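Chemist: Sharing a structure below in structure tokens format, with a few things to ask.
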Amino acid sequence: MRLAITVWNGRIAPVFDVAGTLRLVEMDEGRVTADNLLSLPPGGGVFSRVSVLTGQRIDVLVCGAVSRPVHRMLTDSGIQVHSFVSGEAKEVLEAFLHGSFDEKAYFMPGCGVGRNRQGRRRGAGLSRRGRNRSFGPGWKEV
Amino acid sequence: MDSTKAILESISDGVFTVDPQWKITSFNRAAEEITGVSREEAVGRECSEVFRSSMCETACALRESMSTGKQIRCQTGYIVDSEGERIPVSVSTAVLFDENGKILGGAETFRDLSEIESLQDQLQDRYKVGDLVSRSLAMQKVFQLIPAVASSPTTVLIQGETGTGKEVLARGIHTSGSRRDEPFVAVNCGALPDNLLESELFGYRKGAFTGAASNREGRFVAAGGGTVFLDEIGDVSSAMQVKLLRVLQEKTVTPLGSNEPVPVEARIICATNRDLAALVKSGEFRQDLFYRINVVRLDIPPLRERPEDIPQLLDVLLKKHSFAQRVDVKSYDPQILPLLMGYSWPGNVRELENFVERAIVFSRGNLVSFRDLPNEILPGKGDYSSVVGTLRSAKADTEKQMILQALENNGFNRTAAAEELGVHKTTLYRRVKALGIPLPEPDGRSKNATKGS
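Protein chains in written order, with the numbering used here: chain Y, 97 to 238; chain W, 13 to 465.
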């Protein structure tokens, strides 16, 4: 399995859309067979960002917050996404290696209540102020 | 609750403070609302994992404030809320000191810019009907008619050169009106021979002709309560013109092989790249049909007459095709703009769109540049019949239109028109004279001049 984790200062990078570094780990039967750091293209270039991952044949991505259109592009590319994850990258990787990764234990604040779909959890029922909810071309609420 | 806390709770800007280890120490009510994170969950956590902003990794304003001691004001970016929505924000930061001047941490205030961006989008919509975008005055006049046209069942005639976006405008009218949920059926009348066009438009009954194995409804009926768009109406034969006239008059169609008329509820929009009035004069087009379809006429000027639209069209088309092709071509080199604006674009917006699509395929960076230009646009090779003249006259035309519009808006009162245009009245007078703009007698200086046109 090829696992990618966006990292920043040793922790999971806060926002995938602008994350600068990717830790790429190849695992085989619970053992790490390759472990490399990759730079992601700077700026908000979403297509090139996603194509780096598909080019590396990533199976699973663990990352922090990710905007919906980007999340959809990732899953459309066949990548299993664990998003809105926070914490020490090393600890998350260990948990993955031992098959004990429990996403709930690593949720970012405000992301643990009332999950309604993969990688998306509603906040703690806080009201929002008349925001225009549009997610760019092609986005459809799931 | 002390007064500072009460104030922080009452304001609409989000405010949070951090300790020197970047852990959140306070989080106000607006911060909860904007981020979707409750205070209980936020306090004690890393600020980057709560705020989740595009600036955290590389351009953190709070980090800069804490390292330089300086305040940062109104830095913009976006945050990703717990539902994956990007929220545009502007942030300001400051350092917090204790009474001995020791750094206690930092404070960040942030403002949700969604509403401002939404208003900006609405403003942009003024220059847009469906997928058609334009800032030119001639097109603005067309756009202003759309709401009224869209809400009426009247037949519309759209005239414009090939590639100007006649079908796009027709779709814009369809989607702006109450028929938007019904079908939009487009038929190119010039592409089909008479008998095929007839069966296509009116339908047929089983056995009407060899091969008619079952009943088939025509496009007029298939459109239901929607819109039928008849493109290239100027190219239909005289016999077909008679049949179309009947549909428009009777609001019914009779399928081939049937004697039973079927009612037509669809609205009809016709389009042509030919001058129908001239065709009527030359006897190629029936006058009665012309009057039937020429109820509301919208003329789309060719792109060479509105070069000021090219930058906006480029932006829209780049966005559209980079998304479709999943590449990151974001912009174009400003140096190529004069060439693009000077080119005559005989194929109009369609040709411009083809250029953009091709440029995205071949561009080697995230910028469309000089080397991506096709031969016909390159200097010395393209149709630049008087490039300087074209640009100059385009500028003069635009200026003339703007001045005329301002004069009309202000009942030809020059002082008021100059004020609207943001120039001194003597400048306006000089430009009126230079551009040969005729002024009515009596002009707006007379006492009975009325405001508004």
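Every residue, glycine too, gets a C-beta built ideally from N, C-alpha and C.
Since the model is a prediction, treat every value here as computed from it, not as a measurement.
Let me make sure I understand the geometry here. Which of Ser144/Y, Gly160/Y, Glu125/Y has the alpha-carbon closest to that of Ser60/W?
Modeler: Among Ser144/Y, Gly160/Y, Glu125/Y, the Cα nearest to that of Ser60/W belongs to Gly160/Y.
Chemist: What's the C-alpha gap between Leu74/W and Asp327/W?
Modeler: Looking at the two C-alpha atoms, the distance is approximately 34 Å.
Chemist: The beta strand (DSSP E) with Glu122/Y in it runs from where to where?
Modeler: 117-124 is the extent of the beta strand (DSSP E) around Glu122/Y.
Chemist: With 7 Å as the limit, tell me which residues of the segment 137-167 of chain Y have their beta carbon closer than that to any beta carbon of chain W; keep them in chain order.
Modeler: If the cut-off is 7 Å between Cβ atoms, the segment 137-167 of chain Y has Gly141, Phe143, Ser144, Gly160, Ala161, Val162, Ser163, Arg164, His167 near chain W.
Chemist: Under a three-way DSSP split, which group does Pro100/W fall into?
Modeler: Correct three-state label for Pro100/W: strand.
Chemist: Under the three-state reduction of DSSP, which class applies to His194/Y: helix, strand or coil?
Modeler: Three-state DSSP puts His194/Y in coil, outside helix and strand.
Chemist: To the nearest angstrom, how far is it from the Cα of Val148/Y to the Cα of Leu170/Y?
Modeler: Using only the alpha carbons, I get a separation of about 11 Å.
Chemist: Kindly list, in the order they appear in chain W, the residues whose Cβ is closer than 9 Å to that of Asp113/Y.
Modeler: Under the 9 Å cutoff, chain W gives Ser66, Tyr90, Val92, Arg98.
Chemist: Check the Cβ of Ala109/Y against every Cβ in chain W and list those closer than 7 Å, keeping chain order.
Modeler: Within 7 Å Cβ-Cβ: Glu69.
Chemist: Which chain W residues are close to Gly116/Y, counting only those with a beta carbon under 9 Å from its beta carbon?
Modeler: Neighbours of Gly116/Y on chain W, chain order: Glu69, Thr70.
Chemist: Any C-beta of chain W within less than 9 Å: which residues of the segment 169-197 of chain Y qualify?
Modeler: Here the close residues are Met169, Ser179, Phe180, Ser182, Gly183.
Chemist: Using a C-beta cutoff of 8 Å, does Gly206/Y count as contacting chain W?
Modeler: So yes, Gly206/Y belongs to the interface.
Chemist: Give a yes or no on whether the minimum CB-CB distance between Gln214/Y and chain W is below 8 Å.
Modeler: Residue confidence for Gln214/Y is low, a pLDDT of 38 falling below 50, so the modelled location carries little weight; the figure read from the coordinates is stated next. Taking Cβ atoms only, chain W never reaches closer than 8 Å to Gln214/Y, which makes this a no.
Chemist: Shorter than 8 Å from the beta carbon of Ala54/W to some beta carbon of chain A?
Modeler: Considering every chain present, this structure includes no chain A. Its protein chains are Y and W.
Chemist: Lys114/W by DSSP, collapsed to three states: which one?
Modeler: The answer is coil: DSSP assigns Lys114/W none of H, G, I, E or B.
Chemist: Judging by CA-CA distance, which residue of Val240/W, Arg258/W, Ile115/W is the nearest neighbour of Gln182/W?
Modeler: The residue asked about is misnamed: residue 182/W is Ala in this sequence, not Gln. It is Val240/W.
Chemist: Under 8 Å, with one C-beta from each stretch per pair, do the segment 377-391 of chain W and the segment 347-366 of chain W reach the 3-pair mark?
Modeler: In short, these stretches touch, since the Cβ pair count reaches three.
Chemist: Does DSSP put Ile101/Y in a helix, a strand or coil?
Modeler: Ile101/Y: strand per DSSP, three-state reduction.
Chemist: Going by DSSP, what residue range makes up the alpha helix (DSSP H) through Ser299/W?
Modeler: Per the sequence shown, the amino acid found at residue 299/W is Gln instead of Ser. Gln299/W -> alpha helix (DSSP H) spans 299-305.
Chemist: Relative to the C-alpha of Leu108/W, which residue among Asn285/W, Ile312/W, Ala119/W is closest?
Modeler: It is Ala119/W whose Cα lies nearest to the Cα of Leu108/W.
Chemist: Is Gly26/W helix, strand or coil by DSSP?
Modeler: Looking at Gly26/W - three-state DSSP - the assignment turns out to be strand.
Chemist: Please go through the same chain and pick out, in chain order, the residues whose beta-carbon is closer than 8 Å to the beta-carbon of Gln299/W, but skip the five residues on each side of it.
Modeler: Here the set comprises Val292.
Chemist: Mapping the DSSP letters down to three states, classify Ala220/W as helix, strand or coil.
Modeler: The answer is coil: DSSP assigns Ala220/W none of H, G, I, E or B.
Chemist: Between Val154/W and Ile312/W, how many whole angstroms is the CB-CB distance? I'm expecting something under 8 Å.
Modeler: That pair is a contact at about 7 Å.
Chemist: With H, G and I counted as helix, E and B as strand and the rest as coil, what does DSSP make of Thr264/W?
Modeler: Note: Thr264/W maps to strand in three-state DSSP.
Chemist: Is the shortest distance between the beta-carbon of Thr47/W and the beta-carbons of chain Y less than 8 Å?
Modeler: It does; some Cβ of chain Y falls within 8 Å.
Chemist: Suppose you measure from the CA of Phe143/Y to the CA of Val339/W; what does that come to, to the nearest Å?
Modeler: Approximately 6 Å between the Cα atoms of the pair.
Chemist: Quick check: the Cα distance between Ile281/W and Glu369/W, rounded to an integer number of angstroms?
Modeler: Their Cα atoms are separated by approximately 29 Å.
Chemist: Taking CB distances under 8 Å as the criterion, tell me whether Val62/W reaches chain Y.
Modeler: Yes - at least one Cβ of chain Y is within 8 Å of the one on Val62/W.
Chemist: With distance defined between alpha-carbon atoms, name the residue in Met204/Y, Cys207/Y, Val103/Y nearest to Ser135/Y.
Modeler: Measuring from the Cα of Ser135/Y, the nearest candidate turns out to be Val103/Y.
Chemist: Ignore the nearest five residues each way along the sequence and tell me which others in Ala418/W's own chain have a CB closer than 7 Å to its CB.
Modeler: If we look at Ala418/W and ignore the five residues flanking it on each side, its Cβ neighbours are Ala429, Glu432, Leu433.
Chemist: Would you say Val339/W faces chain Y, with C-beta separation under 8 Å as the test?
Modeler: Interface residue, yes.
Chemist: Determine the direct distance from the alpha carbon of Gln152/Y to that of Arg57/W, and round the result to whole angstroms.
Modeler: Approximately 33 Å, taken between the alpha carbons.
Chemist: I need the DSSP call for Ser38/W, collapsed to helix, strand or coil.
Modeler: Three-state result, Ser38/W: strand.
Chemist: For the beta strand (DSSP E) containing Gln347/W, list its first residue and its last residue.
Modeler: That residue, Gln347/W, is in no beta strand (DSSP E); it is neither H nor E in DSSP.
Chemist: According to DSSP, what are the bridge partners of Ser135/Y?
Modeler: In the DSSP output, where bridge partners are listed per residue, Ser135/Y has Thr117/Y.
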